[in-house]
Each structure stands twice: as structure tokens, then as C-alpha cells.
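Note that the protein sequences, when read in sequence, are chains L and C. Note that the working numbering numbers the first sequence so that position 9 is 9, with each residue one more than the last. Note that the working numbering numbers the second sequence so that position 71 is 283, with each residue one more than the last. Step one of this worksheet: look at the structure below.
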Amino acid sequence: MSDFKKVAEAVFEGDPESVQSLTQQLIDGGAAPMDIVNNGLLAGMDIVAPKFKAGEMFIPEVMMSAKALAEGMKLVKPLLSTADSAGMATFLMGTVKGDLHDIGKNLVVMILESGGFNVVDLGVDISPEQFVEAVKEHKPQIVGMCALLTTTMMAMKETIDALAAAGLRDSVKILVGGAPLYPEFAEKIGADGYCVDAVACKEMATALVAKH
Amino acid sequence: MVIVGELINTSRKSISEAVDNKDARVIQQIALEQVEAGAHYIDVNCGNKVFNELENMRWLVNTIQEAVKVPLCIDSPNPQALEAGLELVKYGTPMINSITDEGPRFDAVIPLVQKYKAKIVALCMDDRGMPDTAADRMRVVKSLYAKLTAAGVKDDDIYFDPLVKPVSSVGTAGVEVLETIRLIKEQYPGVHFMCGLSNVSYGLPNRQYLNRLFVSQTMAAGMDGYILNPTDKGMMGLIYAAKTLLGQDEYCMGYIKAHRKGFYEK
């Protein structure tokens with residue numbers, strides 16, 4: 001097995017210690033940091049994501065894999081050139097105003113980070129104004145919104161309207177998700193996509209960025 | 213023990229379609245099945261139809277009451293939708309699902325509890341967010357209990373929902389709920405409980421095993437109300453059996469009856 005593959009395997013196994021030592025070995029051996037990220041760490045997550053989607057792996061295992069990957073990233077990130085980092089798309093994520101749910105959002109953040117996105121997590125109960133300010137500040141390619149309550153679903157529309165009023169709507173793609181949502185709702189409020197789960201969100205975001 | 217049948221919820225595809233097509237037959241059939249399976253209340257939730265929730269709520273309440281004469285649990289975070297349903301409830305004492313200790317939501321729902329003399333499901337959450345520990349939950353319980361009783365709500369009409377989170381994400385989610393139930397029983401012996409607990413198994417395989425075990429664990433801690441699918445014979449059979457073992461089933465009659473009704477057939 002190649003050393004990259006070993007890293008990928010350790011990410012898939014959710015083994016932070018092995019990921020750490022294997023990544024360090026690759027760094028010491030002179031491997032290019034971006035290769036370690038793409039062919040090792042993210043390659044491991046590429047095994048996890050489809051298995052999670054197919055119901056063969058479960059949330060706690062995905063969390064362990066993400067944790068293992070984060071350990072490797074900690075070592076590699078300082079070595080990435082600014083050009084490497086600049087290649088990563090920025091994803092702005094938050095739970096909308098009036099809604100305090102964070103479990104699903106945190107899972108999405110984890111999956112996106114492990115999918116190579118630079119994720120800015122605004123947290124919960126984020127008002128349309130806060131989203132607008134954050135878009136100005138971080139200039140993301142994609143904005144993700146989460147709502148778990150039927151009463152806060154409409155805050156997604158308010159946020160999209162606020163981005164439009166601020167002249168920022170066309171500068172970003174908008175993805176929405178959360179238990180009470182459905183595709184027609186996403187369409188009706190003017191979002192660019194509805195994500196049924198965290199992996200779907202990563203896939204849609206990846207596709208949107210590739211199109212850009 | 214109070215069982216609220218959860219199946220009439222537009223987040224389920226078949227219900228959503230029946231509501232869109234105003235197919236009364238489908239709704240009435242499901243209402244009837246739940247009552248026959250042992251539900252005391254029928255939950256009515258069309259909250260994800262955000263663009264016409266009120267109209268759908270009225271139609272559902274009327275449609276269900278043409279088929280069954282049981283009290284309804286009007287379920288929405290939207291106070292206008294709650295009132296639209298409550299106005300039309302004809303049988304028994306309605307239940308409202310739910311109130312929280314979030315400032316605006318409490319203030320908007322409490323007049324409805326008073327006006328319709330309804331039973332109220334009180335969710336253990338406030339403006340500070342979703343609780344993790346039993347102590348977080350008890351802080352909300354204390355505040356909600358004080359406010360509800362000050363508003364004239366009787367202990368017997370209060371149903372605390374300890375807020376069940378997935379153990380797949382929060383490892384201590386189950387044990388913190390058990391501790392919360394124990395503390396509520398100790399400090400407020402006159403109140404009741406109500407919760408949907410399938411959330412506990414979210415993200416894990418073989419969910420029905422976790423759900424059923426959690427029912428028996430929470431019952432042993434003092435839980436006396438659930439929002440669930442009453443047509444799930446395995447689950448209902450387990451609840452009857454747990455009541456028997458907890459000394460809540462005189463002469464084991466409930467258990468024997470459940471046996472005769474085929475709850476334990478393989």
C-alpha cells in the first residue's frame with residue numbers, strides 16, 4: 001500500500017493517532033503538502049462519504065473520521081502555500097434567526113471541511129443582517145442555511161431577500177437544508193439548492209464550485 | 213400513560229400528498245387506525261406547509277373529527293396555526309404542542325392555553341439554546357413551571373418534554389434525559405411528561421431497538437406520555453409489558469389484553 005493510501009485508510013478507520021504519525025512521516029519524507037491533502041486525507045473522506053450516504057457507515061463513525069482527518073490537517077495546513085489555500089472555496093454556514101439547532105449544522109460543517117472547503121461557521125440564530133455582513137466580510141462562493149423549525153423556515157427567505165437587497169445575491173450560491181424542508185420550498189424561496197443531508201450538501205457545493 | 217398518535221404530520225410524504233389533494237379518506241383512515249391501536253390523542257401537524265398552514269390545519273382538524281371522537285393534539289410552533297386548530301376542536305380537552313421558555317413564544321402561546329383550557333406540552337428549551345445536561349433542562353423546567361402555574365395552568369395539565377437529542381451526536385443525550393425525568397418527578401410530582409423519542413436513535417442502525425429500549429428506560433424513570441406511532445405493535449406491546457412490570461397494570465389485565473389482541477405475535 002502506498003503511504004498516501006495508508007493515510008486515507010487511517011482516516012477511513014477513524015484513527016487519529018495513525019493519521020498523525022503517517023502524515024508526519026510523509027511530511028518528513030518530503031511529500032508535497034497538497035498531495036498529502038488530496039491523495040491522503042481527503043481521499044480517506046472520499047471513502048467515508050459514499051458509505052455514509054449508502055447507510056453502511058453511521059454518524060459517530062463519520063465524526064471519528066473527521067476528527068482523524070483534522071489531526072492530519074493540523075500538521076499539513078501550516079505547510080500549504082498561500083496559492084494552495086487560495087484555491088479552496090469558502091462556504092459560509094449558519095442556522096437562521098430564531099433557530100437554535102446546531103447538531104445537523106455541525107455535521108455539515110465537518111463534512112464540508114473534510115471535503116476541502118474553507119468553512120466559516122457563523123453559529124446559530126443568525127439574522128439576515130448578520131448573513132449580509134458576513135458575506136461582505138468573507139466573500140464566500142456559497143452560503144448555507146439551516147433551519148429545523150417550521151417557524152424559522154421563512155427566515156431563510158428573509159435572508160435571501162436581504163442578500164438581494166444588499167446587491168449580493170448574485171455573488172453567491174445559496175444552499176438550504178434541515179428536517180422540515182423539501183425541494184419545492186427551496187425553489188420557492190429562491191435558493192439554488194436543497195440538501196437532504198450533509199453529504200448531499202458537500203456534493204452540491206462541490207458541483208457548484210466546479211461550474212464557477 | 214398517555215399515547216399521542218404521531219402519524220398525521222405533513223413531513224411524512226403520504227400525509228403531505230393527502231393534504232395537498234384534500235384526500236379526506238386517507239387522513240380519516242390513519243386517524244382511525246391510530247385510535248384503534250390505542251392512541252388517546254391524535255397529533256395534527258402541518259407545520260412544514262408554511263405557505264398555507266392555517267387553511268390546512270382547519271381542514272385536517274375537521275376531517276379527522278368526522279372519523280374519530282378523540283381529543284386532538286394541535287402541533288405547531290406557530291401560534292396562529294395553533295389557534296386555527298384549537299377553535300375547531302370538538303371532543304375532550306385539547307392538547308397544545310408546544311410551549312417553550314423562549315420569550316416571544318411563551319407569550320404568544322400562553323393565552324391559547326388559558327382560552328381553550330388546554331393541556332400543554334412544555335419543551336425544555338429557552339433563549340439560551342438547546343440544553344445538553346439535566347441541569348440545563350431543570351433550569352428551564354423551574355422557570356416554565358413557575359410561569360405556567362402563575363398563569364393558572366394546573367399541574368395535571370402540564371406535560372414536560374425533556375427534549376431528546378441523538379446519542380449519535382451527543383453521547384450523553386440518553387442518560388441526561390433519564391436524570392431530568394427523575395429530577396422532575398422528585399421536584400414536581402403532579403406534572404406529566406410527553407416526548408417523541410425516536411430522535412434518540414437518529415444516525416444509527418437498527419433504530420427500533422434503541423427506541424424500544426429507551427421507552428422502557430424512560431418509563432422506569434417515570435415518563436408517562438409519548439408521541440409515537442401507535443400502530444407499531446412491537447412498541448405498543450413493550451409499553452403494555454413495561455406498565456405491568458412497573459406495577460401500573462392491575463392483575464396484569466392490560467398485558468393479557470395486549471396478548472389477546474396479538475401484540476406479541478411473531
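By construction, the Cβ of each residue, glycine as well, lies at the ideal position given by its N, Cα and C atoms. These numbers come from a predicted model, not from an experiment.
Pair every Cβ in the stretch 219–239 of chain C with every Cβ in the stretch 257–272 of chain C, then say whether three or more of these pairs are closer than 8 Å.
Judged by Cβ distances under 8 Å, the stretch 219–239 of chain C makes contact with the stretch 257–272 of chain C, as three or more pairs qualify.
Grouping DSSP H, G and I as helix and E and B as strand, with all else coil, what is Lys67/L?
As a working note, residue 67/L is residue 67 in the first sequence. For Lys67/L, the three-state secondary structure derived from DSSP is helix.
Does Leu458/C pass the burial test, meaning 16 or more other C-beta atoms within 10 Å, or should it be called exposed?
Your numbering for residue 458/C matches position 246 in the second sequence. Within 10 angstroms of the beta-carbon of Leu458/C lie fewer than 16 other beta-carbons, which makes it exposed.
Is the CB of Asn290/C under 7 Å away from at least one CB in chain L?
The sequence position of residue 290/C within the second sequence is 78, counting from 1. Interface with chain L (7 Å Cβ-Cβ cutoff): Asn290/C is included.
By the three-class DSSP mapping on this structure, what secondary structure does Met213/C have?
Your numbering for residue 213/C matches position 1 in the second sequence. Look at Met213/C here: in three-state DSSP terms it is coil, with no helix or strand label.
For Leu440/C, the first and last residue of its enclosing beta strand (DSSP E)
Looking up residue 440/C in the second sequence gives position 228. Note, Leu440/C: beta strand (DSSP E), 437–440.
For Pro140/L, count the other beta carbons within 10 Å of its own beta carbon; 16 or more makes it buried, fewer makes it exposed. Which is it?
Counting from 1 along the first sequence, the entry for residue 140/L is found at position 140. Around the beta carbon of Pro140/L, 16 or more other beta carbons lie within 10 angstroms, which makes this residue buried.
Which residues in chain C have a C-beta closer than 9 Å to the C-beta of Thr206/L? List them in chain order.
Position 206 of the first sequence, counted from the start, is the residue given in the question as residue 206/L. Here the premise fails: no neighbours, minimum Cβ distance about 22 Å.
So Met269/C contacts chain L; which residues on that side make the cut at Cβ distance below 9 Å?
As a first step, residue 269/C must be located in the second sequence, where it is residue number 57. Below the 9 Å Cβ cutoff, chain L contributes no neighbours of Met269/C, its closest Cβ being approximately 12 Å away.
According to DSSP, is Met342/C helix, strand or coil?
Numbered from its first residue, the second sequence carries residue 342/C at position 130. Residue state, collapsed to three classes: coil.
Using the Cα positions of Glu71/L and Thr23/L, report the straight-line distance between them to the nearest angstrom.
Along the first sequence, one-based indexing puts residue 71/L at 71. Along the first sequence, one-based indexing puts residue 23/L at 23. One C-alpha to the other measures close to 9 Å.
Arg349/C classed as buried or exposed, judged by whether at least 16 other C-beta atoms fall within 10 angstroms:
Position 137 of the second sequence, counted from the first residue, corresponds to residue 349/C. The residue in question, Arg349/C, is buried, as its Cβ has 16 or more Cβ neighbours within 10 Å.
Length of the line joining the Cα atoms of Asp319/C and Val262/C:
The count along the second sequence starts at 1 and reaches residue 319/C at position 107. The count along the second sequence starts at 1 and reaches residue 262/C at position 50. Here the C-alpha atom of Asp319/C lies approximately 21 Å from the C-alpha atom of Val262/C.
Taking 7 Å as the threshold (C-beta atoms), are Val7/L and Gly40/L in contact?
Reading the first sequence from its first residue, position 40 is the one you call residue 40/L. Reading the first sequence from its first residue, position 7 is the one you call residue 7/L. Taking 7 Å as the Cβ cut-off, Gly40/L and Val7/L qualify as a contacting pair.
Does the structure place the stretch 371–391 of chain C close enough to the stretch 333–346 of chain C that three or more beta carbon pairs sit under 8 Å?
Below 8 Å, enough C-beta pairs join the stretch 333–346 of chain C and the stretch 371–391 of chain C to call them touching: three or more.
Who are the Cβ neighbours of Ser410/C in its own chain at under 8 Å, not counting the five residues just before and after it?
Counting from 1 along the second sequence, the entry for residue 410/C is found at position 198. Here the set comprises Arg419, Asn423, Leu440.
Rounded to whole angstroms, what is the Cα-Cα separation between Ala166/L and Leu148/L?
Within the first sequence, numbered from 1, the residue matching residue 166/L stands at position 166. Within the first sequence, numbered from 1, the residue matching residue 148/L stands at position 148. Approximately 26 Å between the Cα atoms of the pair.
Contact set between the stretch 246–280 of chain C and chain L, restricted to residues whose Cβ is under 7 Å from the partner:
The residues in question are Gly259, Asn260, Val262.
Measuring CA to CA, which of Tyr182/L, Pro16/L, Leu69/L, Ser81/L is closest to Met34/L?
Translated into the one-based positions of the first sequence, residue 34/L becomes position 34. Taking only the C-alpha atoms, the option nearest Met34/L is Ser81/L.
Using CA coordinates, which residue listed in Ala433/C, Met465/C, Gly474/C, Leu335/C is at the minimum distance from Gly446/C?
By 1-based counting over the second sequence, the position of residue 446/C is 234. Among Ala433/C, Met465/C, Gly474/C, Leu335/C, the Cα nearest to that of Gly446/C is on Gly474/C.
Can you tell me whether Thr305/C is buried or exposed, with buried defined as 16 or more other CB within 10 angstroms of its CB?
Locating residue 305/C in the second sequence gives position 93, where the first residue counts as 1. The residue is exposed, with fewer than 16 neighbouring Cβ atoms inside 10 Å.
So Cys285/C is in the alpha helix (DSSP H); what residue range does that whole segment cover?
By one-based count along the second sequence, residue 285/C stands at place 73. Note, Cys285/C: premise wrong, no alpha helix (DSSP H); beta strand (DSSP E) at 284–287.
Within the 7 Å Cβ cut-off, does Leu416/C reach chain L?
Along the second sequence, read from residue 1 onward, the residue named residue 416/C stands at position 204. So yes, Leu416/C belongs to the interface.
Tell me whether Asn118/L sits in a helix, a strand or coil according to DSSP, three-state version.
Within the first sequence, numbered from 1, the residue matching residue 118/L stands at position 118. The answer is strand: DSSP assigns Asn118/L an E or B state.
For His404/C, name the three-state secondary structure that DSSP assigns.
The count along the second sequence starts at 1 and reaches residue 404/C at position 192. Three-state result, His404/C: strand.
Go ahead and pull the three-state DSSP assignment for Met153/L.
Working through the first sequence from its first residue, we reach residue 153/L at position 153. Here Met153/L sits in helix by DSSP.
Three-state secondary structure (DSSP) at Asp373/C?
For this step, residue 373/C is matched to residue 161 along the second sequence. Asp373/C: strand per DSSP, three-state reduction.
Under the rule that 16 or more other beta-carbon atoms within 10 Å means buried, what is Lys225/C, buried or exposed?
Residue mapping note: residue 225/C aligns to position 13 of the second sequence, counting from 1. Exposed.
Distance, Cα to Cα, Lys354/C vs Ala210/L?
What you label residue 354/C is simply residue 142 of the second sequence in a count that begins at 1. What you label residue 210/L is simply residue 210 of the first sequence in a count that begins at 1. Cα atoms of Lys354/C and Ala210/L: separation of roughly 52 Å, rounded to the nearest angstrom.
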